[in-house]
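Residue numbers are given in my numbering: position 193 of the sequence shown equals residue 222, and the series is strictly consecutive.
Backbone N, C-alpha and C define an ideal beta-carbon position, used for all residues, glycine too.
Everything numeric in this text was worked out from a predicted model, so none of it was measured.
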Amino acid sequence: MILMGLIYAGVFISLISEAYVDFGDGNYLYIARRLNEGVVLYRDILSPQPPIHVTVGAILLRVGEWLGSPLYTVRIFTMALHLFTMWIVARIARKLFGSELAGVCAAALYLLVPIGFWWTLGFQSEPFEMAFLLTSTLLFLDFSPKKMIAAGVLAACGPLCNMTALPFLIFNGLFLAYYRRWALLIRYGIPLVVIWGLVALGFEWKTGAFFQNVFFNQVGTFPPLGVDYYIDKIASNLFKVFRFEGAWIVWGIAGLFLLPRHDCLPWRAYASWLVVAGLLSIFFVAKGGTVEYIFTLGEPILCVTAGGLWGALFQRPGRGEGEAEGGVVTFAAMKGSPLWPASLMRRGALGIIVFLGAAHFLGGISYGQAFIRAAMGEHNIYIPTYGLNLIRQTLAGKQFEMSHGAVQGVKETITHYTQPGDPILAHPFF
Numbered sequence: 030m031i032l033m034g035l036i037y038a039g040v041f042i043s044l045i046s047e048a049y050v051d052f053g054d055g056n057y058l059y060i061a062r063r064l065n066e067g068v069v070l071y072r073d074i075l076s077p078q079p080p081i082h083v084t085v086g087a088i089l090l091r092v093g094e095w096l097g098s099p100l101y102t103v104r105i106f107t108m109a110l111h112l113f114t115m116w117i118v119a120r121i122a123r124k125l126f127g128s129e130l131a132g133v134c135a136a137a138l139y140l141l142v143p144i145g146f147w148w149t150l151g152f153q154s155e156p157f158e159m160a161f162l163l164t165s166t167l168l169f170l171d172f173s174p175k176k177m178i179a180a181g182v183l184a185a186c187g188p189l190c191n192m193t194a195l196p197f198l199i200f201n202g203l204f205l206a207y208y209r210r211w212a213l214l215i216r217y218g219i220p221l222v223v224i225w226g227l228v229a230l231g232f233e234w235k236t237g238a239f240f241q242n243v244f245f246n247q248v249g250t251f252p253p254l255g256v257d258y259y260i261d262k263i264a265s266n267l268f269k270v271f272r273f274e275g276a277w278i279v280w281g282i283a284g285l286f287l288l289p290r291h292d293c294l295p296w297r298a299y300a301s302w303l304v305v306a307g308l309l310s311i312f313f314v315a316k317g318g319t320v321e322y323i324f325t326l327g328e329p330i331l332c333v334t335a336g337g338l339w340g341a342l343f344q345r346p347g348r349g350e351g352e353a354e355g356g357v358v359t360f361a362a363m364k365g366s367p368l369w370p371a372s373l374m375r376r377g378a379l380g381i382i383v384f385l386g387a388a389h390f391l392g393g394i395s396y397g398q399a400f401i402r403a404a405m406g407e408h409n410i411y412i413p414t415y416g417l418n419l420i421r422q423t424l425a426g427k428q429f430e431m432s433h434g435a436v437q438g439v440k441e442t443i444t445h446y447t448q449p450g451d452p453i454l455a456h457p458f459f
């Protein structure tokens with residue numbers, strides 16, 4: 030995992046420049062900079078997100094000014110945040126599957142997931158949100174009184190980064206209620222509600238515009254364009270996500286069937302819920318201004334269960350972390366876990382699933398469709414972007430709003446035609 034992290038860091042650092050990564054990235058950094066200039070969030074400047082994201086941005090820009098490079102400081106922080114999330118994904122996979130190998134595979138898959146590979150390059154709110162939610166989930170899985178309090182504290186930070194965290198937290202409460210873990214529900218719910226409530230009410234009291242910004246200008250932005258609009262938008266983005274990350278979806282669902290059972294802890298049921306919730310995150314595209322990037326909320330848990338699938342495929346016979354009677358290798362050393370015999374048939378089944386997903390990621394299906402259309406006499410065939418190609422485009426800078434050179438040109442234009450302090454009508458990034 031350290032080696033994978035170093036490789037990712039090297040690739041990430043090679044991509045750092047003054048390129049305009051994404052509109053949201055530029056918008057949030059602009060808001061953060063204005064906070065350092067003394068404006069009051071929500072009262073003096075619009076912000077569609079809760080305060081943690083842009084407040085951290087303001088701190089990073091201040092530190093960056095001291096270091097001599099505010100933008101590069103932000104970029105290094107986003108890299109570190111992504112690597113921290115990778116580590117948490119690995120920890121969750123190791124806990125659920127009882128296998129170090131599953132954790133390593135989950136970490137590798139998380140670093141390669143196409144949409145996340147692109148989206149986490151910028152200063153976005155979703156990576157912040159997922160870092161808090163996943164760390165909370167790691168503690169939640171112990172179902173212990175002390176750790177549940179800490180899980181509630183961290184969970185409260187999720188919707189203070191992005192309100193898309195709220196449905197996940199509501200279900201956590203319903204999950205504990207369904208299993209009648211009332212004491213744990215109280216320990217989880219009280220810090221969550223108190224912390225979020227105090228922050229929200231404090232900003233509303235100070236600015237009079239917190240709920241207007243965070244709820245009505247963001248969560249409640251559903252264009253009144255009719256049912257057909259929402260159906261078309263969800264379907265088109267769902268198809269796009271499957272083109273990019275169909276392999277992760279297939280691997281993640283398949284990995285659910287390898288989750289060990291536990292007599293005392295409802296891990297299997299909870300992990301299954303998380304996978305379903307992750308898949309359903311695509312429905313957030315119904316909101317105005319939201320597209321396929323929102324599926325980054327579902328990527329981590331799919332990487333967790335997909336890591337179990339890959340780990341089972343490469344687990345060496347006789348080298349598992351626990352063994353059942355008769356020498357049959359278990360995938361996890363815990364009472365009641367399903368046995369995983371290292372039979373040729375079962376490994377072959379896993380190999381087929383992994384191979385089909387890999388073929389999809391490498392563009393096999395896209396090229397196959399193009400070949401069939403060409404054989405039928407079609408001309409000017411377009412091969413749609415697929416997973417590996419999205420990563421290639423990201424590495425080449427083609428996913429950015431504006432390249433480093435183009436940004437330099439805009440900066441030169443601004444310098445030539447304006448004086449310091451002049452108002453400039455431009456994208457917030459500038």
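Beta-bridge partners of L70, as assigned by DSSP: I74
Taking the alpha-carbon positions, what's the S265 to T319 distance? 12 Å
Continuous alpha helix (DSSP H) stretch holding C190: start and end: Unbroken run through C190: none, as it is neither H nor E.
Contacts around N65, its chain only, beta-carbon distance under 7 Å, and the 5 residues preceding and following it disregarded: A87, L90 and R91
Beta-bridge partners of M6, as assigned by DSSP: It is not possible to answer for residue 6, since the shown part of the chain is limited to 30 through 459.
Reduced DSSP category for V142 - H, G, I as helix; E, B as strand; rest coil: coil
Straight-line Cα distance separating L130 from S154: 30 Å
Mind checking whether L110 and F157 have CB atoms under 9 Å apart? yes
Can you check which of these residues, M177, L230 and F429, is closest to L189 by C-alpha distance? L230
When you compare only the Cα positions, how much space is there between C134 and M108? 20 Å
Short check: CB of L287 to CB of G337, under 9 Å? yes
So H389 and G307 are in contact, right, with Cβ under 8 Å, and what is the actual spacing, rounded? Actually they do not touch by this definition, with Cβ atoms about 18 Å apart.
If L198 sits next to L221, beta carbons under 8 Å apart, how far is it from one beta carbon to the other, in whole angstroms? 6 Å
Rounded to whole angstroms, what is the Cα-Cα separation between A435 and P457? 15 Å
Rounded to whole angstroms, how far is the Cβ of I382 from the Cβ of V279, which I believe are closer than 8 Å? 7 Å
Per DSSP, what kind of secondary structure is M153 in: helix, strand or coil? Note that residue 153 is Gln in the sequence shown, not Met. Coil.
Closer than 7 Å by C-beta to M33: which residues in its own chain qualify, once you throw out the five before and the five after it? Chain order, please. A136, A137 and L140
Based on Cα-Cα distance, which residue from M30, F324, F41 and L35 lies nearest to A425? F41
Given 8 Å, three or more beta-carbon pairs between the region 68 to 82 and the region 441 to 449: no
Going by Cα to Cα distance, which pick from L391, S173 and H433 is closest to R216? S173
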